[in-house]
Amino acid sequence: MALTEPQKLAPPQHIAIIMDGNGRWAKQRGLPRTAGHAAGAEAFRKIANYCRSLGVKYLTVYAFSTENWKRSADEVAGIMKLLRRYLEEALQDMEKNRVCFRFFGDLTRLSPELQELCAQAESASMDYDVQVNFCLNYGGRDEIVRAARALAAEVAEGKRSADEITEDAFSDYLYSAGVPDPELVIRPSGELRISNFLLWQSAYSEFVFMNVLWPDFSPQDLDAAIEEYHRRNRRFGGT
């Protein structure tokens, strides 16, 4: 009698990933950092497809932070080129993959061409169920400041009172408005920090830090993170 595969644990509906370690992966192999980002892009494709097969409803990835502009012009240009290529291919395969695209972050600093591709991807995919959120030129503190400014302006204009500002009202002014908070945040690469990622949204997320560089991150690593998530006792402040 053939043995059946063990039943996979149900994934959280929203998983967020800090895609870290591309540069170190390339350095270990004597390659330029851009090669690491290319390998990281392939890892993202693999993991995004695997999340969809598992039934994950939302996948949020840290693609480019507000601090990443400090990197060399060549490296930034290489990252943007990879993103442009990915979006162009995604637009061609949109009906086949049926993934909804959202972008969290200030896109105005991107090239007009890349801004247009982001807008096209969002518009063409808005009716699909599985959603991938790209944090692009994104910073958690910047997101919170922008939301606070918008609410302060409404109070100043008399559109609402200060007493009407609740957590739910504040959340409506974040890039992630309408998206449930992630239950699980994964950071590969061995680093033990969140690096300005989803500071508001991750208030009750479970964090799993893994000692594997992002280009090497596999579906088996994701399974291990989900297993660890299920070992946690999520009490939300209760007993």
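In terms of numbering that gives the first Met the number 0, the sequence shown opens at residue 0 and continues consecutively. In this text, a Cβ means the ideal position worked out from N, Cα and C, and glycines have one as well.
Checklist line | Which of helix, strand or coil DSSP assigns to residue 85 | finding: What you label residue 85 is simply residue 86 of the sequence shown in a count that begins at 1. The answer is helix: DSSP assigns residue 85 an H, G or I state.
Next item on the list: Could you please give the first and the last residue of the uninterrupted alpha helix (DSSP H) stretch that includes residue 21?
Entry: In the sequence shown, residue 21 corresponds to position 22, counting from 1. Residues 21-27.
Note to self: Suppose contacts are defined by Cβ-Cβ distances below 8 angstroms. Is residue 214 in contact with residue 35 by that definition?
What the structure shows: Locating residue 214 in the sequence shown gives position 215, counting from the first residue. Locating residue 35 in the sequence shown gives position 36, counting from the first residue. Contact flag set, yes.
Next item on the list: Determine the burial state of residue 12: buried for a count of at least 16 other Cβ atoms within 10 Å of its Cβ, exposed for fewer.
Entry: Within the sequence shown, residue 12 is the residue found at index 13, counting from 1. Flag for residue 12 reads exposed.
Next item on the list: Return the first residue and the last residue of the alpha helix (DSSP H) that residue 96 is part of.
Entry: By one-based count along the sequence shown, residue 96 stands at place 97. Counting along the chain, the alpha helix (DSSP H) containing residue 96 begins and ends at 93-96.
Check: What is the DSSP secondary structure of residue 168, reduced to helix, strand or coil?
Finding: By one-based count along the sequence shown, residue 168 stands at place 169. DSSP places residue 168 in helix when its eight states are reduced to three.
Note to self: If I measure Cβ to Cβ from residue 205 and keep anything under 6 angstroms in the same chain, skipping five residues before and after, which residues do I get?
What the structure shows: Position 206 of the sequence shown, counted from the start, is the residue given in the question as residue 205. Result list for residue 205: 183, 228 and 231, in chain order.
Next item on the list: Please report the residue range of the alpha helix (DSSP H) in which residue 143 lies.
Entry: One-based indexing of the sequence shown puts residue 143 at position 144. Membership of residue 143 in the alpha helix (DSSP H) is indicated by the continuous run 139-155.
Note to self: For the region 11-28 against the region 80-92, do three or more pairs of beta-carbon atoms, one drawn from each stretch, fall closer than 8 angstroms, so that the two count as touching?
What the structure shows: no
Next item on the list: Over the uninterrupted alpha helix (DSSP H) stretch that includes residue 193, give me the two end residues.
Entry: Counting from one through the sequence shown, the residue named residue 193 turns up at place 194. Where residue 193 is concerned, there is no enclosing alpha helix (DSSP H), given that its DSSP letter is neither H nor E.
Next item on the list: Go ahead and label residue 210 buried or exposed: buried means 16 or more other beta carbons lie within 10 angstroms of its beta carbon, across all protein chains shown.
Entry: Residue mapping note: residue 210 aligns to position 211 of the sequence shown, counting from 1. Looking at its Cβ environment, which holds fewer than 16 other Cβ atoms inside 10 Å, residue 210 is exposed.
Next item on the list: Could you round the C-beta distance between residue 65 and residue 138 to whole angstroms and report it? I think they count as a contact, below 8 angstroms.
Entry: If you number the sequence shown from 1, residue 65 lands on position 66. If you number the sequence shown from 1, residue 138 lands on position 139. About 4 angstroms separates the two Cβ atoms, so the contact holds.
Item checked: Three-state secondary structure assigned by DSSP to residue 200 -> The residue given as residue 200 occupies position 201 in the sequence shown. In the structure shown, the three-state DSSP call for residue 200 is coil.
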